[in-house]
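Heads up, the thing below is written out as structure tokens.
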């Protein structure tokens, strides 16, 4: 039987695979990927060889910057980022959860000083069981990723 | 004695080690016995109160005066030129930091004191930032607990009232993780201790339990830490139903252990019956008075490299 891909292969660009189910839309939103003109393919709720379901994002014609990879890792620690050249995987990186993120997220606490002064937001991240806990450097509140 | 906190900021109780806290309490005990000294001679302390406070501001200012220091500052930011012109907090703190030797700040926004500490090299003490931290209150609470019980470690402590929104009980619970306390949380379900604090306690192996009535725990605790139950958080009929479970009466106090002490960060409204004031268990006015020596200790440790005691 001929093997077919659920999502078509790309020639040059990158693929984020093994995104936890439901997180692809958040990555698209956070990086504003739908607003660019690069060819974008998104697969959601796909069956994963690791078991369960996963999301996948394929981007034709460009690579992610380090800052973008850090943003992706907030939503999809453990996902793999494959750099593709001529339909071949040139490089494969597994995204680790960063210890902290600076300037990427807005504090969900409306009373936090970072929402009232010109301040660069800072969060420390901690893996707690199945979810990631974000701690604001300023107001010291803790949030799950759902708060952002 | 060499100060371990010379030149530092005191923003959050979580920034202090157990050793730092014990040093502050030791020096506070000294100032309680010897209140007048000259440790802050020729030092200027700026008290910047962007929202009103009675006890905290006056006890900080008393602490400075008792140690021969001087106070500058304000207690109504809207009346200052800076506030009226809409100056940013970071600019205001940078300028005030260049005038004073230490800044004491209270601000309605959480994280304001942390931001202040980042824009000036002058030591900053957080005197309350929104719903976040109030470390000087926590330190005077710890001092009062130690003073009244003769120890800090291994005590049974009940936190009672509004445990959801009260920053005082959050900071105190965090600090008590350093002293192996057994905690009892007594509150209506809607005002229970937040999950984030419970997770913090769990990760540090602290034992705690939830209760809906003071009667359940009154005979088990060494310290009963009451907080204000704000009527406006309930509908009137609901408040009438639950209030008897959280209001401390002389009869209830009499059911407690003889050495039990009742504390409260004040102001109280109706959660402690006035007749309790006359009982030997009542410790809240002594606790409020302890604000002065505790703040004397904090200021001295930030501003004196070598402390003669």
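Residue numbers (the working numbering), protein chains in the order written: chain C, 5 to 152; chain X, 39 to 347.
Even glycine gets a Cβ: it sits at the ideal position worked out from N, Cα and C.
Neighbours of residue 170/X across chain C, judged by C-beta separation under 7 Å: 143, 144. Near chain C, meaning a CB-to-CB distance below 9 Å, no residue of the stretch 173 to 205 of chain X qualifies.
Counting C-beta pairs with one atom in each stretch, the stretch 300 to 317 of chain X and the stretch 279 to 289 of chain X have three or more that are closer than 8 Å, which means they touch. Residue nearest to residue 229/X within the set 216/X, 249/X, 62/X is 249/X (criterion: CA-CA distance). A direct Cα-to-Cα measurement between residue 225/X and residue 52/X gives close to 24 Å.
Contact between residue 178/X and residue 219/X fails: their C-beta atoms lie close to 17 Å from each other, not under 8 Å.
For residue 105/C, there are no neighbours in chain X by C-beta distance under 7 Å, as the nearest C-beta there is about 16 Å away. Residue 152/X is classed as buried because its beta carbon has at least 16 other beta carbons within 10 Å across all chains shown. Straight-line measurement puts the Cα of residue 144/X at about 16 Å from the Cα of residue 157/X.
For residue 135/C, the closest Cβ of chain X is not nearer than 7 Å.
Within chain X, no residue has its beta carbon less than 8 Å from that of residue 149/C; the closest one is some 15 Å off. Taking the CA atoms as reference points, residue 216/X sits about 14 Å from residue 195/X.
Here the C-alpha atom of residue 77/X lies approximately 53 Å from the C-alpha atom of residue 73/C.
In this structure, the alpha-carbon of residue 110/X lies about 55 Å from that of residue 24/C.
The Cβ-Cβ distance between residue 256/X and residue 294/X falls below 7 Å.
Listed in chain order, the positions of the stretch 116 to 144 of chain X with a beta carbon within less than 9 Å of a beta carbon of chain C are 126, 127, 128.
Between residue 101/C and residue 80/C, the C-beta spacing is not below 7 Å. Shortest Cα-Cα distance from residue 133/X to any of 101/X, 154/X, 149/X, 146/X involves 154/X. Interface residue (Cβ-Cβ distance to chain X less than 7 Å): residue 22/C is not classified as such. For residue 246/X, the enclosing beta strand (DSSP E) starts and ends at 245 to 249. In terms of Cβ geometry, residue 149/C and residue 136/C form a close pair [threshold 7 Å]. Residue 106/C and residue 182/X have their C-alpha atoms spaced approximately 39 Å apart. DSSP, read as helix, strand or coil, puts residue 77/X in coil. For the stretch 192 to 261 of chain X, the full-length alpha helix (DSSP H) segments reaching 4 residues or more read 205 to 214, 233 to 241 along the chain.
Taking 7 Å as the threshold, the shortest C-beta distance from residue 243/X to chain C does not fall below it.
Close partners of residue 118/C in chain X (Cβ separation under 7 Å): 149.
Beta-carbon to beta-carbon, residue 149/X and residue 18/C are separated by about 36 Å, too far to satisfy the 8 Å threshold. Annotated three-state conformation of residue 122/X is helix, per DSSP.
Setting aside the 5 residues that flank it on each side, residue 290/X is surrounded in the same chain by 252, 253, 256, each with a C-beta closer than 8 Å to its C-beta; the list follows chain order.
Against chain X, the CB of residue 121/C has a partner CB under 7 Å away; the residue lies at that interface. Within the stretch 257 to 305 of chain X, the complete beta strand (DSSP E) segments of 3 residues or longer fall at 261 to 264, 299 to 301, listed in chain order. Under the rule that a run must span 3 or more residues, the beta strand (DSSP E) segments found entirely inside the stretch 40 to 101 of chain C read 44 to 51, 57 to 64, 84 to 89, 92 to 98.
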